[in-house]
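Residue numbering for the sequence shown follows our numbering, beginning at 268 and increasing consecutively. Just so it is clear, CB atoms sit at the ideal spot from N, CA and C, and this is done for glycine as well. Here the structure is a predicted model, which means the values were calculated and not measured. What follows is one structure encoded as structure tokens, with my remarks underneath.
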Amino acid sequence: MTSRIKSLATITARANVLLHQSLRSSIQCRVPITARTIPRRTFRTTGIYRDQHLQGYKDADRYHGDYPTRTHRCGELRASDEGKRVVLNGWAQSSRALSQDLIFLPLRDASGTTQLVYRTGQQAAELRSQIQGLGAESVICAQGIVRRRPDGMANAKQGTGEIEVEIEKLYCLNPASPNLPFWPNQPQLPNEEVRLRYRYLDLRRQELQDNIRLRSLTAATVRQHLVSNGFVEIETPMLFKSTPEGAREFIVPTRKKGAFYALPQSPQQHKQMLMAAGFDRYFQIARCFRDEDLRADRQPEFTQIDLEMSFVTPKDIQHIIEGMVTSIWDKALGVKLTKDSFPHMTYAEAMTNYGSDKPDVRFDMKISEIGSSFADVVGDNALDCMVIKQGTSLSGKELKAMQKTLDIENEKGFAFVKINENNIDAWPAKCGGTLRQSTQIATSVPGLNKDLGIEQGDLVIVHTRPRYLYGGNTLMGRVRLHAASLMQEKGLLKLDKEKFKFLWVESFPLFTPDEQGIRTWQSTHHPFTAPFNEDIALLSTEPAKVRGQHYDLVLNGMEIGGGSIRIHSPVMQTYIFEKVLQLEKHEYSRFDHLIDALGGGCPPHGGIALGFDRLMAILCDAPSIRDVIAFPKAAGGKDFVVNSPSEVTTGQLEEYGLRLAE
268 MTSRIKSLAT ITARANVLLH QSLRSSIQCR VPITARTIPR RTFRTTGIYR
318 DQHLQGYKDA DRYHGDYPTR THRCGELRAS DEGKRVVLNG WAQSSRALSQ
368 DLIFLPLRDA SGTTQLVYRT GQQAAELRSQ IQGLGAESVI CAQGIVRRRP
418 DGMANAKQGT GEIEVEIEKL YCLNPASPNL PFWPNQPQLP NEEVRLRYRY
468 LDLRRQELQD NIRLRSLTAA TVRQHLVSNG FVEIETPMLF KSTPEGAREF
518 IVPTRKKGAF YALPQSPQQH KQMLMAAGFD RYFQIARCFR DEDLRADRQP
568 EFTQIDLEMS FVTPKDIQHI IEGMVTSIWD KALGVKLTKD SFPHMTYAEA
618 MTNYGSDKPD VRFDMKISEI GSSFADVVGD NALDCMVIKQ GTSLSGKELK
668 AMQKTLDIEN EKGFAFVKIN ENNIDAWPAK CGGTLRQSTQ IATSVPGLNK
718 DLGIEQGDLV IVHTRPRYLY GGNTLMGRVR LHAASLMQEK GLLKLDKEKF
768 KFLWVESFPL FTPDEQGIRT WQSTHHPFTA PFNEDIALLS TEPAKVRGQH
818 YDLVLNGMEI GGGSIRIHSP VMQTYIFEKV LQLEKHEYSR FDHLIDALGG
868 GCPPHGGIAL GFDRLMAILC DAPSIRDVIA FPKAAGGKDF VVNSPSEVTT
918 GQLEEYGLRL AE
């Protein structure tokens, strides 16, 4: 049996050498390494190690004795270190043999890469054999002497590119399996599912290393800024209770029959109670949980920068956030923001002029309301009009595809016309529908052409909509973004030279019609937002006209944070629960703890939360927040690393008083 195990070890070592010789050959020949090159599902070493254990402990491939203490990190060595005897630890990359007497072995750790070099010398045969037997991503300790690279051989792209370390002794601390599903530095990576399954390998990639380290730096910057402004960092519970706040919750069973926890959607209620407790300024980089459908910018568990302040106005909170964001952009990107970097816009202005409550203001292409020019046919509705300069370059096929993509193929009141010399003075008549029936075309068009800057070659789009604005966007707002993307692809629309365009959007409607029809109104954001003082009287008469003291921070058309001044009156909070939102007694009684806290002498207060993951995706210029989270979930909430969510035993279900539905 012993001889069989030795034979197997010899074959495995030989296969390891052949595999990496093949890899080096592929790289040298510039042949892309695809996911098919490396077996995706064959990386199962657990069984091998278990078999070895059953046969008695055999682990000869690993060095188990004392090894020299590391003197430098791989990315630190420079030409000034020439002649020093150093000890480096890290992950071996694929070696490159120029001859039997000259082998290069890159060594990588968290700080960078240093080139190790083997040259014929003492113990040459043993050392050469060690290097040739190393698999890529094996963990080693190397002892050697720093040498300058020969003239003309320096690598200007690498911090350590002027030197190499001539190997004297090598310790293999942990050889990597010869059948890893992929190598972090291979030219073409496998699909995301494979990379998420082996996330510990994927995280070795420099891009993801940089992202996670920048996340750490940003978190430290946030803490430093807030603590220096008098904030106290306080943790709030992870095991909360189920409350009707909008998003679907994760429920946690207990062994007490019928009793459940819920994971918090946000620390909202706890931070308001902290204001009642007299902490004045609270913050937390908080974990939150929502059982929602996933997208590139959404995870079932996510992180937000959460803060609350007593005795403040919206401007006070915005000032703190502007200072924090300015510090982040300075530390993380070296970009200097100023006070002028944070303009303000009301919700009504954003929806009217851009068709979105988070407008992308890096390009103009505003929407104009021109209903007064055609009042005879538009009536009480609003008529949106948008002019796309040089828009005739968009083909009919592209415009029809846009309508299909936005699901507005049969939308009444939507029309577009390409402006030419024949229709420039009567283009509304070409828009079809009721607009062509207007008697005001002849008198209105010359003035509109001047006011809107309409010229030949432009594309004019119109849409008749209800005048009352609510929700996150309008049809014309969606068309604006789609058309802008098409025009950018054609090189006919350029974004503002300022890469980061921030915007405060304020004065949202406090309530939004309940589109599900269960109740009349629902909270636009959450039910704890305070109305403007001058609108309080409208709570009982015209809730549609009540504005909330809410404010969103928008960056390049993405909401990165939102907050509000909170209701601190228990009477008003109860009235909104019961009379405006029409919650049943058993529903709003779940907020009794908050009502009691407000009635116990709670000061006026407000706060904000910024999506930390989304913020990091912007800072890292990453296409998905999964690229800035160490261990993210995939679509559907699947964690491929540990294969969760997973089933539980019948015994566990019985212990918690649960039974699976048939």
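Which of helix, strand or coil DSSP assigns to residue i
{"i": "phenylalanine 784", "result": "At residue 784 the sequence reads glycine, which differs from the phenylalanine that was named. If DSSP states are grouped into helix, strand and coil, glycine 784 belongs with coil."}
{"i": "threonine 304", "result": "Note that threonine 304 has pLDDT 38, beneath the 50 cutoff, so the model's placement of it is unreliable and the number below is only indicative. Of the three classes helix, strand and coil, the one that applies to threonine 304 here is coil, per DSSP."}
{"i": "tyrosine 737", "result": "coil"}
{"i": "isoleucine 587", "result": "helix"}
{"i": "valine 579", "result": "coil"}
{"i": "methionine 505", "result": "coil"}
{"i": "valine 602", "result": "coil"}
{"i": "arginine 364", "result": "It is alanine, not arginine, that sits at residue 364 in the sequence shown. In the structure shown, alanine 364 sits in a strand (DSSP, three-state: E or B)."}
{"i": "alanine 543", "result": "helix"}
{"i": "tyrosine 385", "result": "strand"}
{"i": "valine 908", "result": "coil"}
{"i": "arginine 515", "result": "coil"}
{"i": "valine 915", "result": "coil"}
{"i": "alanine 409", "result": "strand"}
{"i": "aspartate 560", "result": "coil"}
{"i": "threonine 619", "result": "helix"}
Cβ-based burial, residue i [other Cβ within 10 Å; buried from 16]
{"i": "arginine 386", "result": "exposed"}
{"i": "glutamine 709", "result": "Reading off the sequence shown, one finds alanine at residue 709, where the question assumed glutamine. Under this definition alanine 709 is an exposed residue."}
{"i": "methionine 576", "result": "buried"}
{"i": "leucine 925", "result": "exposed"}
{"i": "proline 531", "result": "buried"}
{"i": "proline 249", "result": "A query on residue 249 cannot be resolved here, the shown segment of the chain reaching from 268 to 929 and no further."}
{"i": "glycine 720", "result": "exposed"}
{"i": "tyrosine 549", "result": "buried"}
{"i": "alanine 668", "result": "exposed"}
{"i": "tyrosine 818", "result": "buried"}
{"i": "threonine 791", "result": "buried"}
{"i": "valine 729", "result": "buried"}
{"i": "threonine 917", "result": "exposed"}
{"i": "asparagine 963", "result": "Given a span of 268 to 929 for the chain in the structure shown, any question on residue 963 remains unanswerable."}
{"i": "glutamate 500", "result": "exposed"}
{"i": "aspartate 718", "result": "exposed"}
{"i": "histidine 537", "result": "buried"}
{"i": "glutamate 914", "result": "exposed"}
{"i": "histidine 853", "result": "exposed"}
{"i": "methionine 808", "result": "Looking at the sequence shown, residue 808 is not methionine but threonine. That one is exposed."}
{"i": "glycine 332", "result": "exposed"}
{"i": "tyrosine 621", "result": "buried"}
{"i": "valine 644", "result": "buried"}
{"i": "alanine 231", "result": "Given that the chain is displayed from residue 268 to residue 929, the structure contains no residue 231 and the question cannot be resolved."}
{"i": "arginine 329", "result": "exposed"}
{"i": "asparagine 478", "result": "buried"}
Start-to-end residues for the alpha helix (DSSP H) that takes in residue i
{"i": "tyrosine 923", "result": "Looking at the DSSP string, tyrosine 923 is not in any alpha helix (DSSP H), and its letter there is neither H nor E."}
{"i": "valine 644", "result": "642–645"}
{"i": "glycine 419", "result": "Glycine 419 -> no alpha helix (DSSP H), and no H or E assigned at all."}
{"i": "valine 712", "result": "708–719"}
{"i": "leucine 374", "result": "First-last for leucine 374: 369–376, but that is the beta strand (DSSP E), not the alpha helix (DSSP H)."}
{"i": "isoleucine 552", "result": "Element bounds for isoleucine 552: not the alpha helix (DSSP H) but the beta strand (DSSP E), 548–556."}
{"i": "threonine 485", "result": "473–495"}
{"i": "alanine 750", "result": "742–756"}
{"i": "serine 396", "result": "391–400"}
Continuous beta strand (DSSP E) stretch holding residue i: start and end
{"i": "proline 520", "result": "518–520"}
{"i": "glutamate 459", "result": "Per DSSP, glutamate 459 belongs to no beta strand (DSSP E); it is in the alpha helix (DSSP H), 459–464."}
{"i": "lysine 436", "result": "430–441"}
{"i": "alanine 359", "result": "352–359"}
{"i": "threonine 731", "result": "726–732"}
{"i": "alanine 529", "result": "527–529"}
{"i": "histidine 611", "result": "611–613"}
Short CB-CB distance (under 8 angstroms) between residue i and chain D
{"i": "glycine 379", "result": "In summary, chain D is missing from the structure at hand, where a single protein chain is found."}
- Query: Counting Cβ pairs closer than 8 angstroms, one from the segment 754–774 and one from the segment 606–618, do we hit at least three?
  - Reply: yes
- Message: If we require 4 or more residues per run, which alpha helix (DSSP H) segments fall completely within the segment 839–898?
- Response: 852–855, 859–866 and 879–886
- Continuous beta strand (DSSP E) assignments of at least 3 residues falling wholly in the segment 766–828: 769–773, 778–780, 788–790 and 817–822
- Stretch pair the segment 435–445 + the segment 406–419: three plus CB contacts closer than 8 angstroms: yes
- Task: Determine, using beta-carbon pairs with one atom in the segment 893–907 and one in the segment 476–496, whether at least three such pairs fall under 8 angstroms.
- Result: yes
- Query: Can you list the beta strand (DSSP E) stretches of 3 or more residues lying completely in the segment 627–698, in chain order?
  - Reply: 634–636, 649–655 and 681–685
- Query: Quick one: any contact between the segment 749–768 and the segment 621–630, if contact means 3 or more CB pairs under 8 angstroms?
  - Reply: yes
- Taking contact to mean at least 3 C-beta pairs separated by less than 8 angstroms, is the segment 901–910 in contact with the segment 500–515? no
- Please determine if the segment 799–807 and the segment 862–876 are in contact, where contact requires at least 3 C-beta pairs separated by less than 8 angstroms. no
- Task: For the segment 817–831 and the segment 877–889, state whether three or more C-beta atom pairs, one from each stretch, are separated by less than 8 angstroms.
- Result: yes
- Query: Taking contact to mean at least 3 C-beta pairs separated by less than 8 angstroms, is the segment 648–657 in contact with the segment 735–754?
  - Reply: yes
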